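Trainee: Here it is, the structure in full.
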Amino acid sequence: MNKRLRYILYIFVAVLAVWAFALRLTRQTPAAPMVREARNEAESVSLKTLKGKYVLVNFWDSHNAVSRIAAGEYDRFIRSHKGEGIELVSVNTDDDQALFSELVNKDGLDRSTQFHIKDVKAEAILKGYKPLDGYSSYLVNPEGKIVAYNPSIETLEKYLQ
Numbered sequence: 724m725n726k727r728l729r730y731i732l733y734i735f736v737a738v739l740a741v742w743a744f745a746l747r748l749t750r751q752t753p754a755a756p757m758v759r760e761a762r763n764e765a766e767s768v769s770l771k772t773l774k775g776k777y778v779l780v781n782f783w784d785s786h787n788a789v790s791r792i793a794a795g796e797y798d799r800f801i802r803s804h805k806g807e808g809i810e811l812v813s814v815n816t817d818d819d820q821a822l823f824s825e826l827v828n829k830d831g832l833d834r835s836t837q838f839h840i841k842d843v844k845a846e847a848i849l850k851g852y853k854p855l856d857g858y859s860s861y862l863v864n865p866e867g868k869i870v871a872y873n874p875s876i877e878t879l880e881k882y883l884q
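For the sequence shown, my numbering assigns the number 724 to the initial residue and increments by one for each residue that follows.
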């Protein structure tokens, strides 16, 4: 009986933690300060350096068609709004970095906004984002708060006005 009670308690705590995170996210929680080990050809990225601008943080993978399409749409949107106070940090989670590079070329994505992360499961992303729950995008406002989850292009345009 003691083991069963312990398992029930673990499940309760896990559900409570998920609920608390969801509640915080809807109340404009601070964005994660850094994406560790996410690199493009020359650099890693820290969201602290982008403070004062809107930042669209997008997670995508070659095995998830919806996230790959979104990566292309966000890339085109950011290019068309260059210099308007919005930046893109697009993080690929493929296991193979060579595949990531090939897809960036094939899809015509801006290399300066595309980053690769080696192992999402190794917690290379600081708390604040939940890429293991599906490929998602987060719009972070100039103060560093998440203000939109999986924003549409129309939502992005509204924030820039």
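Quick reminder that beta carbons are idealized off the backbone N, C-alpha and C, glycines included.
Quick caveat: nothing in here was measured; it's all calculated off a predicted structure.
What separation, rounded to the nearest whole angstrom, lies between the Cα atoms of Asn725 and Val736?
Mentor: Between Asn725 and Val736, the C-alpha separation is close to 17 Å.
Trainee: Verify the contact flag: Gly806, CB atom, against every heavy atom of the ligand SAH, threshold strictly below 8 Å.
Mentor: You won't find the ligand SAH in this model; it holds no ligand whatsoever.
Trainee: Would you list the residues sitting across from Tyr797 in a DSSP beta bridge?
Mentor: In DSSP, Tyr797 forms no bridge with anything.
Trainee: Could you check which residue in Gln837, Ile876, Asn815 and Ile869 has the C-alpha nearest to that of Ser785?
Mentor: Closest option to Ser785, Cα to Cα, is Asn815.
Trainee: In whole angstroms, give me the CA-to-CA distance for Ile734 and Leu728.
Mentor: Near 10 Å, if we compare the C-alpha coordinates of Leu728 and Ile734.
Trainee: Bridge partners for Ala871 per DSSP, in chain order?
Mentor: Beta-bridge pairing links Ala871 to Leu862.
Trainee: Could you give the distance in angstroms between the alpha-carbon of Val827 and the alpha-carbon of Ser803?
Mentor: Cα to Cα, the separation comes out at about 18 Å.
Trainee: Compute the beta-carbon to beta-carbon distance between Val812 and Val789, rounded to the nearest angstrom, for a pair I have assumed lies under 8 Å.
Mentor: With 8 Å as the limit, Val812 and Val789 do not qualify as a contact, their Cβ atoms being about 19 Å apart.
Trainee: What residue does the alpha helix (DSSP H) around Ser813 start on, and which one ends it?
Mentor: Taken as a continuous stretch (DSSP letters only), Ser813 belongs to no alpha helix (DSSP H), being part of the beta strand (DSSP E) at Ile809 to Asn815.
Trainee: As a quick exercise: from Leu883, Lys881 and Ser859, pick the residue whose alpha carbon is nearest that of Ile792.
Mentor: Of the candidates Leu883, Lys881 and Ser859, the one whose C-alpha sits nearest the C-alpha of Ile792 is Ser859.
Trainee: Quick one: using the 10 Å Cβ neighbour count with 16 as the cut-off for buried, is Asn808 buried or exposed?
Mentor: It is Gly, not Asn, that sits at residue 808 in the sequence shown. Under this definition Gly808 is an exposed residue.
Trainee: My assumption, with CB atoms under 8 Å, is that Tyr777 sits in contact with Asn864. Please give the rounded CB distance.
Mentor: Contact flag correct, Cβ pair sits at about 6 Å.
Trainee: Measuring CA to CA, which of Glu866, Phe800, Phe838 and Arg834 is closest to Thr878?
Mentor: Comparing Cα-Cα distances from Thr878 to each of Glu866, Phe800, Phe838 and Arg834, the minimum goes to Phe800.
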